[in-house]
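> Be aware that the sequence shown starts at 1, since it is given in my numbering, and climbs by one per residue.
Positions of the beta carbon are idealized from the N, C-alpha and C atoms, including for glycine.
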Amino acid sequence: MTPANGVTRHCRVCNAEIAPFMSFGRMPIANGFLKPEEAATEYFFELAPAFCDSCGMFQLMEQPRPEKMFHEQYAFYSSTSRYMQAHFEAFAHAVINNAIAGRDDPFVVELGSNDGIMLRHFRQCGLRHLGVEPSANVAEVARSQSINTVSAFFDRKLADDIVAEHGRADAILAANVMCHIPDLPGVGAGVQRLLKPDGVFIFEDPYLGDMIAKSSYDQIYDEHVFMFSATSVQRAFAPFELEVVDVMPQITHGGSMRYALAPVGSRPVLKNVGAQLAKEAALGLDRPETYLRFKANCESSRAALMQTLERLRAQGKRVVGYGATSKSTTVTNYCGITSGHVEFISDTTPIKQGRLSPGAHIPVRPYDEFVKKYPDYALLFAWNHAAEIREKETGFIAAGGRWIVYVPEVAIVA
Ligand code: JHZ
Ligand code: ZN
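#1: Near M1, which residues of its chain fall below 6 Å by C-beta distance, leaving aside the five closest residues on each side in sequence?
#2: Counting along the chain, where does the alpha helix (DSSP H) carrying S300 start and finish?
#3: Is DSSP giving F154 helix, strand or coil here?
#4: Assuming P408 and S215 form a contact by the criterion Cβ under 8 Å, report the distance between their Cβ atoms to the nearest whole angstrom.
#5: What's the C-alpha gap between F58 and G190?
#6: Is it the case that the region 243 to 259 contacts the region 282 to 297, given that we only count it when at least three CB pairs across the two stretches are under 8 Å?
#7: Under 6 Å: does the beta carbon of A230 sit that close to some heavy atom of the ligand ZN?
#8: Strictly closer than 6 Å from CB to any heavy atom of the ligand ZN: give me those residues in the order they appear in the chain.
#9: Beta carbon of F76: closer than 6 Å to some heavy atom of the ligand JHZ?
#10: Is it true that the region 10 to 20 meets the region 333 to 340, where meeting means three or more beta-carbon pairs spaced less than 8 Å apart?
#11: Below 8 Å, how does it come out for the region 201 to 213 and the region 29 to 40: are there three or more Cβ pairs, yes or no?
#12: Say whether the region 138 to 158 touches the region 85 to 102, bearing in mind that this needs 3 or more beta-carbon pairs closer than 8 Å, one atom from each stretch.
#13: If I measure Cβ to Cβ from E67 and keep anything under 8 Å in the same chain, skipping five residues before and after, which residues do I get?
#14: Since I100 and V108 are thought to touch, with beta carbons under 8 Å apart, how far apart are those beta carbons, to the nearest angstrom?
#15: Please identify the residue among P350, T329, M22 and Y221 whose C-alpha is closest to the C-alpha of R365.
#16: For I202, which residues from the same chain have a beta carbon less than 6 Å from its beta carbon, with the 5 sequence-adjacent residues on both sides left out?
#17: Using only the alpha-carbon positions, how far apart do S266 and A278 sit?
#18: Assign D347 to one of three DSSP states: helix, strand, or coil.
#19: Check whether the Cβ atoms of K327 and A75 sit closer than 7 Å, and answer yes or no.
#20: Would K196 and R168 be called neighbours here (beta carbons separated by less than 7 Å)?
#21: Taking the straight line between their C-alpha atoms, what separation do you get for E38 and G199?
#22: State the DSSP-derived secondary structure class of G254, mapped to helix, strand or coil.
#23: Just how far apart, CA to CA, sit M69 and S78?
#24: Please state the DSSP three-state secondary structure of L270.
#25: Taking 6 Å as the cut-off, does the CB of L409 come closer than this to any heavy atom belonging to the ligand JHZ?
#26: By Cβ distance below 8 Å, which residues in the same chain neighbour D347 in space, the five residues on each side in sequence not counted?
#27: Here's the rule: buried if 16 or more other CB atoms are within 10 angstroms of the residue's CB, otherwise exposed. What is G316?
#28: Can you check DSSP and say which residues form a bridge with Y377?
#29: For N176, tell me which candidate among V264, F91 and D376 has the shortest Cα-Cα distance.
#30: On the criterion of 16 or more Cβ atoms from any shown chain inside 10 Å, does L292 qualify as buried, or is it exposed?
#31: So does the region 371 to 383 actually touch the region 398 to 412, counting three or more Cβ pairs closer than 8 Å?
#32: Would a C-beta distance cut-off of 7 Å place F296 and V410 closer than the cut-off?
#33: Please determine, among Y374, Q250, D218 and E393, the residue with the shortest C-alpha to C-alpha distance to C298.
#34: Is V407 helix, strand or coil when you go by DSSP?
#35: So G359 and P20 are in contact, right, with Cβ under 8 Å, and what is the actual spacing, rounded?
#36: In terms of alpha-carbon separation, which member of A136, H93 and D104 lies closest to S113?
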């Protein structure tokens, strides 16, 4: 059997043999922001992705144990972006007005509910809801807003416990969570048990097709044990008699896909599902050459970014990182970016401030320090929030500042 976590040589979904097509090298925990005294004992693993020829699942060969990533000091709070707040408000209302509309006392479960960014809208509408969130600190934020939340990892057992206590769910939701769970078949079995026969399971995650098209390799880090496509999702959930009935592309997180799944035969399969599967085949998402080209693109992106940073360093320019994202851990460690290139990383999340970035040990400082003395250049690690950030940072540009971006290509922009 494929291990639920740790290192595998077999596909985590279909058990076929897999081999990595590249390695990003030694990597720390992406959200493991360190107190200076923790630097010496930092945990590392090898970040190497593989593509399963049998079922089409893009996955990591090795993933640290979940408890190393999701705990009472989890550094990512979903509500730090205003745009994402609006996104999840719209997601919640789409579910309320469509998926569960007209139902008698519907029950909604969200897997990985973080600080309650989406469930708060169900609570506000007086709907029965339950969040499942293993990271205790972010779960506590939700609980403090009267959002029902249990701090646990979701699996078959928890699904049975939820059914025993609350009954089956009309809708199960997850955003940027399913791709984090190594035992995907365990989740599939749990969803099958928890969902009503006429229920719907809706989740979204960064989309493999966007990552390949934009060479946004920074989506690959410890938490993202999978990068999904409609093809791989359809195959992964088929053993649990769930089928993809709708796919909805999203612009969030640099290009995501929302999938709606339902018990086989319970709902019509919309035409766009077949169209998406065909598009993925046309994009070559099922072909090994696609991944070799992706690898070459990662290498040239790294070379171009380092050339830019070295040039600016030689010119004595001040460069600051913008957004201590999980993604930035892959970029800094894979490219070899140090505090010699980037003075500090500005971030609005209190728990990250005053700490060192994982692996590269670049100081993370409060946003005030960015504003107080604008740098010459800001390396946009939070590139997925570019619209929101550029709207906010007109002062930086007016002062002569420039952005360094690296997705889809390395460039300096106003
Ligand atoms: P952001 C996380 O990824 C982790 P990350 C996780 N694995 C995942 O899948 C996605 O989210 C969904 C800061 N910021 O959203 C806040 C500013 O400082 O790109 C955050 O620390 N100023 C669950 O970490 C970071 O940047 C701002 O104006 O890659 C953004 O992190 C804004 C908008 C953000 O997710
Ligand atoms: Zn497989």
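With the given structure in hand:
#1: Residue confidence is low: M1 scores 41 on pLDDT, short of 50, so the model does not pin down where it sits. Its coordinate-derived value is still stated next. If we look at M1 and ignore the five residues flanking it on each side, it has no Cβ neighbours.
#2: P288 to A314
#3: coil
#4: 6 Å
#5: 22 Å
#6: no
#7: The ligand ZN never approaches A230 closely enough for any of its heavy atoms to be under 6 Å from the residue's Cβ.
#8: C11, V13, C14, A16, C52, S54, C55 and M57
#9: yes
#10: no
#11: With the cut-off at 8 Å, the region 201 to 213 and the region 29 to 40 do not touch.
#12: no
#13: Result list for E67: empty, nothing under 8 Å.
#14: Separation of the CB atoms of I100 and V108 is rounded to 7 Å, and the pair is thereby assigned contact status at 8 Å.
#15: P350
#16: Excluding sequence positions up to five before and after I202, its CB lies within less than 6 Å of the CB of L173 and A260, all in the same chain and listed in chain order.
#17: 23 Å
#18: strand
#19: At least 7 Å separates the beta-carbon of K327 from that of A75.
#20: yes
#21: 46 Å
#22: helix
#23: 16 Å
#24: Assignment of L270 by DSSP, reduced to helix, strand and coil, places it in the coil class.
#25: The amino acid at residue 409 is misidentified as Leu; the sequence shows Glu. No - the ligand JHZ has no heavy atom lying nearer than 6 Å to the Cβ of E409.
#26: G323, A324, Q353, V364, R365, P366 and Y367
#27: exposed
#28: V319 and R402
#29: F91
#30: exposed
#31: yes
#32: The question names Phe, yet the displayed sequence has Ala at residue 296. Cβ atoms of A296 and V410: not closer than 7 Å.
#33: Of the listed residues, the one whose Cα sits closest to C298 is D218.
#34: Coil at V407, not helix or strand.
#35: In fact, because the Cβ distance is near 19 Å, the residues do not count as touching under 8 Å.
#36: A136
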